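Asks: Residue numbers for the sequence shown follow this note's numbering, so the first one is 1 and each next one is one higher.
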Amino acid sequence: PEESIAIQHSIDADIIMQLDDVVSSLTTGPRVEEAMWRSVRWLDRCIATHLKSGKQSRQNLFAIIQGGLDHDLRDKCLDEMIKRRGNIPGYAIGGLSGGEEKDIFWRIVSQCTAKLPVDRPRYSMGIGFAEDLMVCVALGVDMADCVFPTRTARFGVALTFSGPLNLRLAKHAKSLEPVDEDCPCPTCKSRMSRALLHHLISHETSAAHALTQHNLVFQARLMGKARDAIIDGKFPQFLKTFFADYFGEKGYPRWCIDALRSVGVDLLEGNPEAPVIEGDGAKWEYASKA
Numbered sequence: 001p002e003e004s005i006a007i008q009h010s011i012d013a014d015i016i017m018q019l020d021d022v023v024s025s026l027t028t029g030p031r032v033e034e035a036m037w038r039s040v041r042w043l044d045r046c047i048a049t050h051l052k053s054g055k056q057s058r059q060n061l062f063a064i065i066q067g068g069l070d071h072d073l074r075d076k077c078l079d080e081m082i083k084r085r086g087n088i089p090g091y092a093i094g095g096l097s098g099g100e101e102k103d104i105f106w107r108i109v110s111q112c113t114a115k116l117p118v119d120r121p122r123y124s125m126g127i128g129f130a131e132d133l134m135v136c137v138a139l140g141v142d143m144a145d146c147v148f149p150t151r152t153a154r155f156g157v158a159l160t161f162s163g164p165l166n167l168r169l170a171k172h173a174k175s176l177e178p179v180d181e182d183c184p185c186p187t188c189k190s191r192m193s194r195a196l197l198h199h200l201i202s203h204e205t206s207a208a209h210a211l212t213q214h215n216l217v218f219q220a221r222l223m224g225k226a227r228d229a230i231i232d233g234k235f236p237q238f239l240k241t242f243f244a245d246y247f248g249e250k251g252y253p254r255w256c257i258d259a260l261r262s263v264g265v266d267l268l269e270g271n272p273e274a275p276v277i278e279g280d281g282a283k284w285e286y287a288s289k290a
């Protein structure tokens, strides 16, 4: 813990994270509780090191809530880490996005946000899918991070408000359209065509670079639109519009419907016959659909 904080001090990060003991989200049994209590003990050591450095006014130490998929362990970890709020400017929700079912994922996030202090930012670690981000924001999450926008760019997938676009598919080979006419990223503003990206993606890293720029801007635009909608008092309607555009006629994932209903937003309001997809409901274009 001490070395972890020292390294983060040396790079002068605005937000620094405690060292935690991370186990797979699918792990069960005594190892999960062991990791949770170790994370609590390590938080105390991180706090002590941070306070001793005198850098707490410039660098913000976040605690990381652990406990796996066990609601009782999550509650214990929340209680312990909230006790230390006087030295904790923010909290992260860790130990998720490791293959657990989405219906379990959102319930753990909801449990954490319901208990965390409202005057501290909440950061959900490893969240990158657009629908995951919007559900987490609705549940009370302020921040997120993920390799998803850059990793998926390397696979030739562009993120859009109409769902992910797999540019490896042959149907894009002759399209002179940019990925998104309204996107301000360098790739779209230069009108680099889908056809060119389709051609380059299997041969040149430049396509991955171009899609990385686009995907990062997409993520920023999405979160910016959500923030503006919250400020304007129009977030519920924004969610309905976003999910309708993103999933279209293919149907809403059941877990998204249930998660948003828990905070008073009904995606099926006014359209009760809309298709509902059981399971994770991820929207992807696969090569078989070329």
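Using N, Cα and C, we set each Cβ at its ideal position, and we do this for glycine too. Keep in mind it's a predicted model, so treat the numbers as computed, not measured.
Helix, strand or coil, according to DSSP, for S206 in the structure here?
Replies: Residue state, collapsed to three classes: helix.
Asks: Is F155 buried or exposed, if buried means 16 or more other CB atoms sit within 10 Å of its CB?
Replies: Burial call: exposed.
Asks: Look at the Cβ atom of Q66, then the Cβ atom of A35, and state whether they are nearer than 8 Å.
Replies: In this structure, A35 lies closer than 8 Å to Q66 by Cβ.
Asks: What are the start and end residues of the beta strand (DSSP E) that includes A63?
Replies: It spans 60-65 - the beta strand (DSSP E) in which A63 sits, taken as one unbroken run.
Asks: Roughly how many angstroms separate the alpha carbons of V137 and R122, rounded to a whole number?
Replies: Roughly 10 Å between the two C-alpha positions.
Asks: Rounded to the nearest angstrom, how far is the Cβ of H203 from that of A158, given a contact under 8 Å?
Replies: The Cβ separation is near 17 Å, so there is no contact.
Asks: In the structure shown, what three-state DSSP assignment does M40 receive?
Replies: Going by the sequence as given, residue 40 is Val instead of Met. V40: helix per DSSP, three-state reduction.
Asks: Just checking my contact of K250 with F238 at CB under 8 Å: how many whole Å lie between their CB atoms?
Replies: Not confirmed; about 20 Å, so no contact.
Asks: Tell me whether G224 sits in a helix, a strand or coil according to DSSP, three-state version.
Replies: It is helical.
Asks: Here's a check: name, in chain order, each residue in its chain whose Cβ is nearer than 7 Å to the Cβ of A290, leaving out the five neighbours to either side.
Replies: Bear in mind that the predicted position of A290 carries a pLDDT of just 43, short of 50, making it unreliable; the figure below should be weighed with that in mind. Around A290: L169, A170, K171.
Asks: Which term fits K234, buried or exposed, when burial requires 16 or more other beta carbons within 10 angstroms of its beta carbon?
Replies: K234 comes out exposed.
Asks: If you compare alpha carbons, which of V32, I16, G54, S24 is closest to L43?
Replies: When each option's Cα is compared against that of L43, the closest is I16.
Asks: Touching or not, the region 189-206 and the region 125-141, by the rule of three or more beta carbon pairs under 8 Å?
Replies: Taking 8 Å as the limit for Cβ pairs, the verdict is that the region 125-141 does not touch the region 189-206.
Asks: Using 8 Å for Cβ pairs, my map puts I64 next to G86. What's the rounded Cβ distance?
Replies: With 8 Å as the limit, I64 and G86 do not qualify as a contact, their Cβ atoms being about 17 Å apart.
Asks: In terms of residues, what are the limits of the beta strand (DSSP E) holding D75?
Replies: No beta strand (DSSP E) holds D75; the alpha helix (DSSP H) holding it covers 71-83.
Asks: T28 to K83, Cα distance in whole Å?
Replies: Roughly 26 Å between the two C-alpha positions.
Asks: Of all the options L222, S25, E80, which has the alpha carbon lying nearest to the alpha carbon of T241?
Replies: It is L222 whose Cα lies nearest to the Cα of T241.
Asks: What does the alpha-carbon distance come out to for the pair V265 and G140?
Replies: Near 13 Å, if we compare the C-alpha coordinates of G140 and V265.
Asks: Does the Cβ of N166 have 16 or more other Cβ atoms within 10 Å, making it buried, or fewer, making it exposed?
Replies: That one is buried.
Asks: Determine which residues share a DSSP beta bridge with N166 and list them.
Replies: In DSSP, N166 forms a bridge with V157.
Asks: Span of the beta strand (DSSP E) holding A173?
Replies: Premise fails: A173 is in no beta strand (DSSP E) and is neither H nor E.
Asks: Can you check DSSP and say which residues form a bridge with G68?
Replies: According to DSSP, which records beta bridges pairwise, G68 is partnered with nothing at all.
Asks: Which residues bound the beta strand (DSSP E) around R191?
Replies: Unbroken run through R191: none, as it is neither H nor E.
Asks: Taking the CB atoms as reference points, tell me whether E297 and L73 lie closer together than 8 Å.
Replies: The structure shown does not extend to residue 297, since the chain is modelled only from 1 to 290, so the question has no answer here.
Asks: Taking the alpha-carbon positions, what's the Q297 to L26 distance?
Replies: Absent from the structure is residue 297, since the part of the chain shown begins at 1 and ends at 290.
Asks: Under three-state DSSP, which class holds D328?
Replies: Any answer about residue 328 is impossible in this case: the structure gives the chain only from 1 up to 290.
Asks: With 16 as the cutoff for other CB atoms within 10 Å, does S57 come out buried or exposed?
Replies: S57 should be labelled exposed.
Asks: In this structure, does DSSP put A92 in helix, strand or coil?
Replies: Reduced to three states, the DSSP call for A92 is strand.
Asks: Quick check: the Cα distance between D145 and S97, rounded to an integer number of angstroms?
Replies: Cα to Cα, the separation comes out at about 11 Å.
Asks: Do you know how far the Cα of D12 is from the Cα of L75?
Replies: In the sequence on display, residue 75 carries Asp and not Leu. If you take the alpha carbons of D75 and D12, they lie about 32 Å apart.
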